[in-house]
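Heads up: the sequence lines are chains A and B, in that order.
The first sequence begins at 4 in the working numbering and counts up one residue at a time.
The second sequence begins at 59 in the working numbering and counts up one residue at a time.
Note that the Cβ used here is the ideal one computed from N, Cα and C, for glycine as well.
Below is one structure, written out as structure tokens; comments come after it.
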Amino acid sequence: MSRVHDMGGRFGDGMIVPETEDNPVFREKWHGRALAITLAAGALGKWNIDISRHGRECLSPVDYASMSYYEKWMAGLAGLLVDTNILSREELEKGRAIGSSNLTAKRMDADKVAGILASGGPADRPSDVPVFYNVGETVRTRKINGNRHVNGGHTRLPTYVVGAVGRIVMIHGAHILPDSSAHRLGDAAEPLYAVAFSASELWANPEHPKDEVVLDLWQSYLSGAS
Amino acid sequence: MFESIPLDRRLRAFYEEPMPHDHTDQDHPHTLLPSDPALRVKALETILIQKGLIDPAALDKIIEAYETKIGPRNGARVVANAWTDPTFKAALLSDATSVVSELGYYGRQGEHMVVVENTDEVHNIVVCTLCSCYPWPLLGIPPAWYKSDAYRARAVREPRRVLAEFGVTLPSEKAVRVWDSTAEIRYLVLPQRPKGTDGMDKGALMGLITRDSMIGTGLAIAP
């Protein structure tokens with residue numbers, strides 16, 4: 004059911020290479036460019052954050068695994084631009100614009116940048132979905148983490164936590180459900196919780212009996228377990 | 059789970075609204091672009107500028123903002139405030155979004171902030187296993203290791219081995235709590251204030267607060 008991005012708990016990756024804080028923010032010039040183009044294209048308003056995440060996740064496993072971080076961003080962006088008809092395949096192929104766009108009024112101009120970076124896009128929404136669980140209550144995650152509506156669709160329930168029993172540690176309010184929002188099916192906001200799982204509930208050989216992993220999970224990912 | 063979505067909306071989405079979908083390896087739009095990543099970025103930038111859809115000066119501004127203004131010194135200021143002002147700390151732990159917004163640290167990828175405190179009993183670490191979610195307004199753009207497969211895959215399963223690779227060894231009585239950022243909540247770790255820092259002012263304390271100590275892969279520097 005899962006896709007290649009869903010890698011929490013996976014074996015086989017090597018050591019982590021820490022780096023100091025005074026390293027350049029963008030190691031290559033094109034990294035900064037890739038980030039900036041992605042933000043500026045997002046301002047055209049043709050997709051939300053869930054759609055753009057899903058775009059990257061839809062890269063083939065081979066591409067996803069072999070591309071660096073900003074290469075994945077660029078590949079995801081190329082897919083979104085074509086899927087939303089902002090650019091045509093022919094334009095990408097030829098490397099130049101063919102015809103005009105009806106979105107030019109939405110262009111993010113330089114004087115708007117600071118305001119846009121500082122404004123953000125909150126994900127909480129009013130909702131009449133009742134809050135089922137209280138802090139301290141025991142819950143179980145769904146046994147299968149696939150998107151229930153779109154086969155192979157977006158979800159934020161990682162595979163490593165499916166079918167596990169945890170306890171509610173925070174109630175964050177009602178948030179947009181990515182499983183719906185990534186497929187333009189509306190916000191479908193519902194309660195979001197921080198849920199703590201004992202390491203021994205998740206791993207065959209937990210490092211320490213006291214350790215825990217906490218995930219933010221939507222109410223429809225959970226059922227009561229008491 | 060989607061009973062709440064009206065059928066007409068679902069039907070319209072199916073037929074009219076574009077959504078990301080699987081392309082096979084050969085037909086994904088990215089394969090139409092040059093394979094060299096720097097050229098690939100340049101090609102997209104060029105076409106989008108020609109279409110009038112992006113302003114190259116805006117790109118420069120975005121890069122400049124993340125290179126010079128939006129970075130881990132913002133988070134360090136918040137932590138230094140919390141170390142020196144108990145009222146601020148209590149407010150930060152109960153409603154971080156409002157408190158950091160008042161300091162001007164609100165924005166993209168920091169819309170919903172939660173601050174988790176390291177204590178003698180618990181050490182907190184933040185990861186995003188599904189992508190690379192990170193509190194941008196307080197810490198800036200994440201370092202390469204935070205976005206690496208190794209960190210994403212391992213931090214949840216073996217946080218103590220990961221910490222050891224950062225040179226951190228925790229006492230065995232201390233629990234580790236790993237926060238996997240699976241939603242739009244962004245977590246910042248409030249590191250423990252090192253001993254022997256009682257007389258230090260906020261500016262000096264900020265020098266002890268590293269980026270990694272606010273992700274949880276490091277500790278604040280002991281003077």
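Here F14(A) is exposed. Its C-beta has fewer than 16 other C-beta atoms within 10 Å. Look at the region 31 to 50 of chain A: the residues with a C-beta under 9 Å from a C-beta of chain B are E31, K32, W33, H34, G35, R36, A37, L38, A39, I40, L42, A43, A44, A46, L47, K49 and W50. Below the 9 Å Cβ cutoff, chain A contributes no neighbours of E175(B), its closest Cβ being approximately 13 Å away. Between L188(B) and D219(A), the alpha-carbon positions lie close to 12 Å from each other. Only those residues of the region 117 to 138 of chain A whose C-beta falls short of 9 Å from the nearest C-beta of chain B are listed: A117, I119, L120, A121, S122, G123, G124, P125, A126, D127 and V132. Within the region 92 to 124 of chain B, contact with chain A at the beta-carbon level (separation under 7 Å) is assigned to P95, A96, R98, V99, A101, L102, E103, T104, I105, L106, Q108, K109, G110, L111, I112, D113, A115, A116, L117, K119, I120, I121, A123 and Y124. Assigned with DSSP and collapsed to three states, Y163(B) falls in coil, not helix or strand. DSSP lists R170(A) and V217(A) as the beta-bridge partner residues of A199(A). The DSSP-derived three-state label of H86(B) is coil. By the CB criterion at 8 Å, D238(B) and V7(A) fall outside the cutoff.
Per DSSP, S71(A) lies in no alpha helix (DSSP H) segment and is marked neither H nor E. Counting C-beta atoms within 10 angstroms of its own C-beta, A68(A) has fewer than 16 neighbours from the protein chains shown and is therefore classed as exposed.
Taking a Cβ-Cβ threshold of 7 Å, none of the residues of chain B is close to E204(A); the smallest such distance is about 12 Å.
Interface flag for I199(B) against chain A is set, since a Cβ pair is found closer than 8 Å. Shown here for H57(A): same chain residues with a beta carbon closer than 6 Å to its own, the five before and five after excluded, namely H157 and A185 in chain order.
Per DSSP, the unbroken beta strand (DSSP E) holding G227(A) starts and ends at L225 to G227.
DSSP places D182(A) within a helical segment (H, G or I) once states are collapsed to three.
Around P212(A), the same chain offers no residue with a beta carbon nearer than 6 Å, after the five sequence neighbours per side are excluded. Listed in chain order, the non-local C-beta contacts of A211(B) below 8 Å within the same chain comprise T187, local neighbours out to five positions each way being set aside. Close to chain B, meaning a Cβ-Cβ distance shorter than 7 Å, are the following residues of the region 187 to 202 of chain A: R187, L188, G189, A191 and L195.
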